[in-house]
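Under the working numbering, think of the first position of the sequence shown as 43, with each following residue one higher.
Cβ atoms here follow ideal geometry from the backbone N, Cα and C, with glycine treated the same way.
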Amino acid sequence: QGKTSFNRADYGGPCPPSGEHRYFFRLYALDTTLEDSALDKKALLKAMEGHILAQGELMGVYQRK
Numbered sequence: 043q044g045k046t047s048f049n050r051a052d053y054g055g056p057c058p059p060s061g062e063h064r065y066f067f068r069l070y071a072l073d074t075t076l077e078d079s080a081l082d083k084k085a086l087l088k089a090m091e092g093h094i095l096a097q098g099e100l101m102g103v104y105q106r107k
């Protein structure tokens, strides 16, 4: 897990303003363990190069009531 948009290496969850918002979640199956959890997105994708066995994406819609 790399850094999130909260600049942390853990999940913060959605907290949108009013209205409907889409959220995309990507899951990667790797053939190795990445030890550094403080990577930003660019560095994380670079570290995963050549190690991705499979990947998937889920899109969810959330609206604050």
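Supposed close pair residue i, residue j - CB separation, criterion 8 Å
i: Tyr65; j: Gly102; result: 5 Å
i: Ala89; j: Leu69; result: About 16 Å separates the two Cβ atoms, so there is no contact after all.
i: Leu86; j: Leu72; result: About 11 Å separates the two Cβ atoms, so there is no contact after all.
Reference residue i; option with closest CA among the options
i: Arg50; options: Tyr104, Leu95, Asp78; result: Asp78
Identity of the residues DSSP links to residue i by a beta bridge
i: Leu72; result: Ile94
i: Glu77; result: For Glu77, which the question treats as bridged, DSSP gives no partner whatsoever.
i: Leu100; result: Phe67
Close-in-space but distant-in-sequence residues of the same chain around residue i (CB under 7 Å, 5 per side omitted)
i: Ser60; result: Arg106
i: His93; result: Leu72, Asp73, Thr74
i: Leu100; result: Phe67
Own chain residues within Cβ distance below 8 Å of residue i, not counting five before or after
i: Lys84; result: none
i: His63; result: Pro56, Val103, Tyr104, Gln105
Contact test: residue i Cβ vs the ligand FAD heavy atom, cutoff 7 Å
i: Leu69; result: Among the components modelled here there is no ligand, and therefore nothing to report on the ligand FAD.
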